[in-house]
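Each remark here refers to the structure printed beneath this line.
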Amino acid sequence: MAATGPGEQENQCVRVSEYMTRKVITAAPEDGVRETFFRMREARIRHLPVLQGAQLVGMLSDRDLRRPDWVDEAPDLSHDYQLDDNLSVSDLMSHHPVAVHTYDDLGRACELINQHGFGALPVLDKGNHLVGIISKADLVRAFGRALQSHREHIG
72 MAATGPGEQE NQCVRVSEYM TRKVITAAPE DGVRETFFRM REARIRHLPV
122 LQGAQLVGML SDRDLRRPDW VDEAPDLSHD YQLDDNLSVS DLMSHHPVAV
172 HTYDDLGRAC ELINQHGFGA LPVLDKGNHL VGIISKADLV RAFGRALQSH
222 REHIG
């Protein structure tokens, strides 16, 4: 979890809440991997927070679902992905997820994503409830807007 508190971020300009995705699709630890994989594909997402009730307990990414033994000739998805019916999300998810808060600066999210090699981070509110997700794509969008604003300011 992020180590900063709400009062420590008051001088920062751009908060995570400004760029996070608010509509979050989640899974439960007991959900089947196959069903969850196809939900992720249908929603066109690669990262899925895992909730036990209202508590964030993990993150599942498309990388977690990939088989460690890559196959050169894959006739179907089950060769590349672990879609075994007997596996649950809790078997493959990353436990003890790293998260940011809505009041954290975008720089904090960038730092954590780069430090840990993540593609996305869950976003929590002051009560540590999941309220969003911030991905590398969201950070690129923020960077693009900052560049555009800079160009308008100097040009």
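The sequence shown begins at 72 in our numbering and counts up one residue at a time. Backbone N, C-alpha and C define an ideal beta-carbon position, used for all residues, glycine too. The structure presented is a predicted model; accordingly, all values stated were derived computationally and were not measured.
Buried or exposed (CB count within 10 angstroms, at least 16 for buried), residue i
| i | result |
| --- | --- |
| G124 | exposed |
| I225 | exposed |
Helix, strand or coil at residue i according to DSSP, with G and I counted as helix
| i | result |
| --- | --- |
| V64 | The structure shown has nothing for residue 64, since the chain only spans 72 to 226. |
| D176 | strand |
| L158 | coil |
| T92 | strand |
| A99 | coil |
| V121 | strand |
| V104 | helix |
| V194 | strand |
| H200 | coil |
| G215 | helix |
| M130 | strand |
| I205 | strand |
Between the CA atoms of residue j and residue i - distance to the nearest angstrom
| i | j | result |
| --- | --- | --- |
| P162 | R222 | Rather than Pro, the amino acid found at residue 162 in this sequence is Asp. For D162 and R222, the distance between alpha carbons rounds to 48 Å. |
| R216 | N157 | 45 Å |
| D133 | L218 | 30 Å |
| D175 | R137 | 31 Å |
| F214 | E182 | 14 Å |
| V211 | A170 | 19 Å |
| V104 | E89 | 32 Å |
| I184 | D209 | 12 Å |
| L131 | A180 | 18 Å |
Exercise. Is the stretch 187-200 in contact with the stretch 115-132, if contact means three or more CB pairs nearer than 8 Å?
Worked result: yes
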